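>
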Amino acid sequence: MTAVLGAVPEHPGPPPVARLAIAPSRGIPRRIDGAWWPHSADLVAELPELLAALPFDWPRITHATVNGPMWSALPGHTLVAGHVVRLRRTAERPGPHTICLVSPGNGRWDLLVLPPDTPEPEAVRILAAAAAGADDLAPA
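By the numbering used here, the letter at position 101 of the sequence shown is numbered 258, and the numbering carries on one by one without gaps.
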């Protein structure tokens, strides 16, 4: 057996971590259930990371509706972890950027979406407020 000398194969870096904060459950519905700060405006690329980071008690998400013009082109659906997620955009609805995640028969969850270019101090403040259960997650 001959050892091969040369360059060490490059080890791929870890995948990006979902920048997500979920508000604590109060037992009553809330308007915004948390905040998400994606790394890019490509929902198809960002969605698998988001869905993988959701709490275990949130069942399989089958629909995602985004509000706001920041997202790049969306197909009608995408495959995430072996199942289809239907995608929809409502760019004309007034209000902040949001994503509504739906699990038929189980519920829906609405997350405030921070644009990827949000300055880090502002994004960290909003994510912390969401994790603490604040009702007002508006940017400063």
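Where is the CB? At the ideal position from N, CA and C, for every residue including glycine. It should be emphasised that the depicted structure is a prediction, and the values quoted were computed from it without experimental measurement.
Is the CB-CB distance between Gly258 and Val223 below 8 Å?
It is Leu, not Gly, that sits at residue 258 in the sequence shown. No, Cβ-Cβ distance for Leu258 and Val223 is not below 8 Å.
> Using only the alpha-carbon positions, how far apart do Ala280 and Gly233 sit?
29 Å
> Grab me the residues of Pro216's own chain with a C-beta within less than 6 Å of its C-beta, minus the 5 sequence neighbours each way, in chain order.
Ser260, Asn263
> Give, in chain order, every unbroken run of the beta strand (DSSP E) that is at least 3 residues long and sits entirely within the region 202-243.
The qualifying runs are 220-224, 234-237.
> Does the separation of the CB atoms of Leu294 and Ala287 fall below 8 Å?
yes
> Report the residue from Val174, Val242, Pro226 whose alpha carbon sits nearest the alpha carbon of Pro272.
Pro226
> Contact check, Ser229 vs Ala178 under 8 Å by CB: the rounded distance?
For Ser229 against Ala178, the beta-carbon gap comes to about 24 Å, at or over 8 Å, which does not count as contact.
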